[in-house]
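*Asks:* Below: one structure in structure tokens.
Protein chains: 4
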Amino acid sequence: MKLSTASMMIVALVVSPLTIASTVVNTSISAEELKAAQDAWGKALIQISSANDKGGQKQATETAKQVLDQAYGYKHGAVLFKPTLTSGEQTFRTTYDGALAYFVGGNSKFPNDSGFALKGWTDYKYENAAVYMNGDLVLTTGKVHLTGKDGKVTTVDKTWGFKKDDEGKLRIVLHHSSLPYSSN
Amino acid sequence: MKLSTASMMIVALVVSPLTIASTVVNTSISAEELKAAQDAWGKALIQISSANDKGGQKQATETAKQVLDQAYGYKHGAVLFKPTLTSGEQTFRTTYDGALAYFVGGNSKFPNDSGFALKGWTDYKYENAAVYMNGDLVLTTGKVHLTGKDGKVTTVDKTWGFKKDDEGKLRIVLHHSSLPYSSN
Amino acid sequence: MKLSTASMMIVALVVSPLTIASTVVNTSISAEELKAAQDAWGKALIQISSANDKGGQKQATETAKQVLDQAYGYKHGAVLFKPTLTSGEQTFRTTYDGALAYFVGGNSKFPNDSGFALKGWTDYKYENAAVYMNGDLVLTTGKVHLTGKDGKVTTVDKTWGFKKDDEGKLRIVLHHSSLPYSSN
Amino acid sequence: MKLSTASMMIVALVVSPLTIASTVVNTSISAEELKAAQDAWGKALIQISSANDKGGQKQATETAKQVLDQAYGYKHGAVLFKPTLTSGEQTFRTTYDGALAYFVGGNSKFPNDSGFALKGWTDYKYENAAVYMNGDLVLTTGKVHLTGKDGKVTTVDKTWGFKKDDEGKLRIVLHHSSLPYSSN
């Protein structure tokens, strides 16, 4: 956290207008913090797509590394990541390298990865079906809608787990994404 | 918890005006819930004192049992309870019987207990020096002021730990109380 | 954290039988408790299938209700449940009725549900790709293999969240299941 | 919960070496980690006393700063610290400076502090009356015995709260210490 008393009081004010003490430490995730983290994920995906448009895979990779460093919990341990388009032995991307390969491709160890974030995404929306708030760990499940360059919308079923770290930053520690079931 | 969707939404509304999903489960303790639990502790102490005035130790004991059942976590395991006026082998009251003896006396196994709650308390105030909110477990430390029948105020240093149970009720699982240090 | 597998096993080996106090309350989930809960899920699925063989949908429904009561967290609030074969408006089964309909069908409000647990499952195996233990909430992600009557094995990608309740029982509060991605 | 001591030890014995996944992140505090942190506190106190003997208050202060940096949670927010020998407005030491002044004195803002750690402590023992393990936050209460240069033993009633940080290190976030109650 490394929160000064001042910044902690701001946290307290967001959580509640009720003053319970002059000094409050709060490791639990608030609704506002959750919303900011969910908003940020889509923004980051579009940023990587945009970097790819401007500077190609190399620039997209630099941006993706920043996103993974900032938004995911690989530094604090493994991430339970099941991306939308992976399968077989490489279904789960519990390591940083596996996640990076999924988003931007270019890793010969993951030959089936073409780079999910390079698909030219331009817009992002999500609808939480339900949220489970458990202190410093919050779970969400719902629909995520991504708009491509051609305006076509791709919808996925997505479950996230966000963990609040010592600096008060939310990090993704769980991410299961899947294409909607089709009986056809 | 056993919360219906309706009651859960009320919880969500108290926590934040932000709507993050139509269904939200929240196991974390809010500032409002903490305040209610701290207010209730003093009210309960005065209730036991009042029951003693009306019906003597027997009635006070019935009231104290209700308070322990409602406000403390003995049913869910042990409570880390160091009351103000205990010492030696009987300093820590980790069992229900030990806590009851402290509050209302009358237990030959705890011969030094005269019944802290029987002292005719009429008023209660507390000042949190600091609060640590960690999901379903919240810690507080500060001064507690109790007013006796004669108007004399007794001040103690008190640390509490409150745990939110499955029904959403806060229970005391930690309680360390001590008289202020005096160099005399 | 940042634990290698080797260092984690060393940690595990020294965890206990250390006596830290005569009275210990522990709300965290252990590896043994997690394994028991994951084993129980498959056993329960096969039980429902078996009940269906013996007594048809009616008996399967009774068994499924017991399973949902025992193994899922609907009583304590909503469950973040995305079953394998659901879609559209009915993708997420955050209510007890929605979950029951998915497992045994027979609910006109969920017309696409034919009863996943009625498919005659005879065997169950799982492989955790990664586990995230966070106190009373543990997350797993990995492959689950189900064997049907004809010996055919169906594999799904499954993410679970288990929560330990006040009685020390693990309950599923998160369950995202999906068919493996196929590029065809 | 509602665990007897016997059943808890059985649980402890079977905790592991169970392999639940090749990758496991565990943010919960183990019994071993707790013991190490409680052992370390006394060792650190004796180190400060020893530094004082060798290099006076200046060297003791350097050592005390290291101890506070390593063992307490001030960097991550406030600590709920009620030291044994403080009173009045300065009873609670929620800031780093207040804690440092208590241990080694020499701060004009805390004129009553003579430096608790400078008292020449040579030995340390503790007895936990009860322990409450709640994921990444563990609470203990019990007796602590400190031996001075003259061999005299001082006993205090002490409640601790230890929090596991992102690096897996336990930090004191709660510390309430008090002299035993005396009816004299």
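Chains as they are written, first to last, in my numbering: chain A, 3 to 186; chain B, 3 to 186; chain C, 3 to 186; chain D, 3 to 186. Even for Gly, the Cβ is constructed at its ideal location relative to N, Cα and C. The structure displayed is predicted, hence computed values, not measured ones.
#1: Note down, in chain order, every chain A residue with its Cβ under 7 Å from the Cβ of Lys166 of chain C.
#2: With a threshold of 8 Å, are at least 3 pairs of Cβ atoms found where one atom belongs to the region 46-62 of chain C and the other to the region 87-95 of chain C?
#3: Would you list the residues sitting across from Ile174 of chain B in a DSSP beta bridge?
#4: Does DSSP put Ile22 of chain C in a helix, a strand or coil?
#5: Whole angstroms is fine: what's the gap from Asp125 of chain B's alpha carbon to Gly153 of chain B's?
#6: Tell me, please, whether the region 110-129 of chain C touches the region 46-55 of chain C by the rule of three or more beta-carbon pairs shorter than 8 Å.
#7: Put Ser185 of chain A into one of helix, strand or coil per three-state DSSP.
#8: Thr80 of chain B touches chain C at which residues, Cβ-Cβ below 7 Å?
#9: Along the chain, where does the beta strand (DSSP E) that runs through Gly137 of chain D open and close?
#10: Inspect the beta-carbon positions of Thr142 of chain A and Leu36 of chain A and report whether they are closer than 9 Å.
#11: Please state whether DSSP places Gly58 of chain D in a helix, a strand or coil.
#12: Does the beta-carbon distance from Val81 of chain C to His177 of chain C come in below 9 Å?
#13: Could you say which of A:Ser179, A:Glu129, A:Gly163 and A:Thr97 lies nearest to Phe118 of chain A if we only look at CA atoms?
#14: For Asn130 of chain C, return the contacting residues in chain D, with the cut-off set at a CB-CB distance below 9 Å.
#15: Would you decide whether Ala38 of chain A is buried or exposed? Buried here means 16 or more other CB atoms lie within 10 Å of its CB.
#16: Can you check whether the C-beta of Ala101 of chain B is within less than 9 Å of a C-beta belonging to chain A?
#17: With distances taken from CA atoms, which of C:Val133, C:Gly144 and C:Thr157 is nearest Pro34 of chain C?
#18: So, Asp168 of chain D versus Asp167 of chain A, is the Cβ gap smaller than 9 Å?
#19: Would you give the residue range spanned by the alpha helix (DSSP H) that Leu102 of chain A belongs to?
#20: Could you work out which residues of chain C lie near Thr96 of chain B, taking near to mean beta carbons separated by less than 8 Å?
#21: Here's the rule: buried if 16 or more other CB atoms are within 10 angstroms of the residue's CB, otherwise exposed. What is Gln72 of chain B?
#22: Shorter than 9 Å from the beta carbon of Ile1 of chain D to some beta carbon of chain C?
#23: Taking only beta-carbon atoms, is Gly90 of chain B less than 9 Å away from chain C?
#24: Please report how far the alpha carbon of Leu172 of chain A lies from the alpha carbon of Ser184 of chain B, in whole angstroms.
#25: Identify, in the order they occur along the chain, each residue of the same chain with its Cβ nearer than 6 Å to the Cβ of Trp160 of chain C, setting aside the five sequence neighbours on each side.
#26: At what residues does the beta strand (DSSP E) containing Phe112 of chain A begin and finish?
#27: Buried or exposed: where does Asp115 of chain B fall if 16 or more other Cβ atoms within 10 Å of its Cβ makes it buried?
#28: Which same chain residues, not among the five before or five after Ala46 of chain B, have their C-beta less than 7 Å away from its C-beta?
#29: Which residue wins for smallest C-alpha separation from Leu181 of chain D, given the options B:Gly170, B:Asp55 and B:Lys84?
#30: So the candidates are B:Gly163, B:Lys165, B:Gly44 and B:Tyr104; which of them puts its Cα closest to the Cα of Gly150 of chain B?
#31: Does the distance from the C-beta atom of Val101 of chain B to that of Tyr76 of chain B stay below 9 Å?
#32: To the nearest angstrom, how far is the alpha carbon of Phe164 of chain D from that of Ile174 of chain D?
#33: Express the C-alpha separation of Val140 of chain A and Thr29 of chain B in angstroms, rounding to a whole number.
*Replies:* Let me lay it out:
#1: Those within 7 Å of Lys166 of chain C in chain A number zero; the least Cβ separation is about 11 Å.
#2: no
#3: B:Tyr74 and B:Phe164
#4: coil
#5: 9 Å
#6: yes
#7: coil
#8: Per the sequence presented here, residue 80 of chain B reads as Ala, with Thr not at that position. Those within 7 Å of Ala80 of chain B in chain C are Thr25 and Val27.
#9: From DSSP, Gly137 of chain D is part of no beta strand (DSSP E); its letter is neither H nor E.
#10: yes
#11: helix
#12: yes
#13: A:Ser179
#14: Ile22, Ala23, Ser24, Thr25 and Val26
#15: exposed
#16: no
#17: According to the sequence as given, residue 34 of chain C is Glu; it is not Pro. Closest by alpha carbon: C:Val133.
#18: yes
#19: Tyr98 to Val106
#20: Thr25
#21: exposed
#22: No answer is possible for residue 1 of chain D: the residues shown for chain D start at 3 and end at 186.
#23: no
#24: 45 Å
#25: The identity of residue 160 of chain C in the sequence shown is Lys, whereas the question assumes Trp. The answer, listed in chain order, is Val146 and Ser179.
#26: Here Phe112 of chain A belongs to no beta strand (DSSP E), and DSSP marks it neither H nor E.
#27: buried
#28: Val69 and Ala73
#29: B:Lys84
#30: B:Gly44
#31: Strictly speaking, residue 101 of chain B in this sequence is Ala, with Val absent from that position. Cβ atoms of Ala101 of chain B and Tyr76 of chain B: closer than 9 Å.
#32: 5 Å
#33: 10 Å
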